[in-house]
Structure formats: C-alpha cells, structure tokens
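Under the UniProt record's numbering, the very last position in the sequence shown is 98; numbers go up by exactly one each time.
Idealized CB from N, CA, C, for every residue including glycine.
None of these values were measured; they are calculated from a predicted model.
See structure below.
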Amino acid sequence: MGSPVFGQYITCPYPDDEEVQEIAEWAVKKYNEQGHHLTLLRKLDCESQVVAGTNWRLLLKCRDENNGENHYYQTVVYHRPWEHLTELTYFYRLYPYE
Numbered sequence: 001m002g003s004p005v006f007g008q009y010i011t012c013p014y015p016d017d018e019e020v021q022e023i024a025e026w027a028v029k030k031y032n033e034q035g036h037h038l039t040l041l042r043k044l045d046c047e048s049q050v051v052a053g054t055n056w057r058l059l060l061k062c063r064d065e066n067n068g069e070n071h072y073y074q075t076v077v078y079h080r081p082w083e084h085l086t087e088l089t090y091f092y093r094l095y096p097y098e
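Structure, rendered in structure tokens:
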C-alpha cells in the first residue's frame, strides 16, 4: 500500500484526539444555529483530507432534542487553524444507517 495522495480522504490516525472532538462539537453547534436542536452523543468515524487546510469528514450520532430520537449525521468541516478559519461545508442526516 502506498502513501496517501494529497487531496485524498484518509482515516484519522487519532480519532479520539481533542481537536477532532472539538471539531465535532463545533459542527453540531454551528448546525444548531440554523434552528436545529441536536446533542452530540458520539463520534463514530473520522476521516481527514489535506487541501489548503484540512477537511474533517465525521460520522456522528446525535439526539434530536425536539423528539428525543437518535439519528446519524455526516458532516464536513473545513479548518485552517493558522488563519483562525473554520467553515461548516455540510451537515446532513443519513437515511437509514442502522
């Protein structure tokens, strides 16, 4: 197996790293600013892609506080810490996951 290719998503080497947890929490908070009411329960998967910064693609399990149901979501967060830039690229519910 060769080295990762620039621009290719790879499995996060440290998925339980504090930075990854902060990115997941930030994504849910940002999504909730659009009128949603989710609580992050768990990070289930993490991939990263190095471009002119890092795209973090996360699989999250969240509870919808409006109805108490748990659902799975995929999100991508673009992060350039040296420029203090973090953007929510997308955040959507997966149908069905289980």
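**Asked** Do the CB positions of L38 and C62 come within less than 8 Å of each other?
**Response** Taking the sequence shown and counting its residues from 1, the one referred to as residue 38 is at position 38. Taking the sequence shown and counting its residues from 1, the one referred to as residue 62 is at position 62. Closer than 8 Å, so yes.
**Message:** Considering only their Cβ atoms, is the gap separating V28 from N55 smaller than 8 Å?
**Reply:** Along the sequence shown, one-based indexing puts residue 55 at 55. Along the sequence shown, one-based indexing puts residue 28 at 28. No, the Cβ-Cβ distance between N55 and V28 is not below 8 Å.
**Asked** Considering only C-alpha positions, which residue in the set L94, W82, L88, E19 is nearest to G53?
**Response** Here residue 53 corresponds to residue number 53 of the sequence shown, with the count starting at 1. Closest by alpha carbon: W82.
**Asked** Just how far apart, CA to CA, sit H79 and Y95?
**Response** Indexing the sequence shown from 1 puts residue 79 at position 79. Indexing the sequence shown from 1 puts residue 95 at position 95. So the two alpha carbons sit approximately 27 Å from each other.
**Message:** Measuring only from the beta carbon, is P81 closer than 7 Å to any heavy atom that is part of the ligand GDP?
**Reply:** Ligands in the displayed structure: none, and consequently the ligand GDP is not present.
**Request:** Report the rounded CA-to-CA distance for G68 versus C46, giving the unit in angstroms.
**Result:** As a first step, residue 68 is located in the sequence shown; it is residue number 68 there, counting from the start. As a first step, residue 46 is located in the sequence shown; it is residue number 46 there, counting from the start. Answer to the nearest angstrom: the Cα atoms are 25 Å apart.
**Message:** Considering just the uninterrupted stretch of the beta strand (DSSP E) at Q74, what are its terminal residues?
**Reply:** In the sequence shown, counting from the first residue as 1, residue 74 sits at position 74. Q74 -> beta strand (DSSP E) spans 70 to 80.
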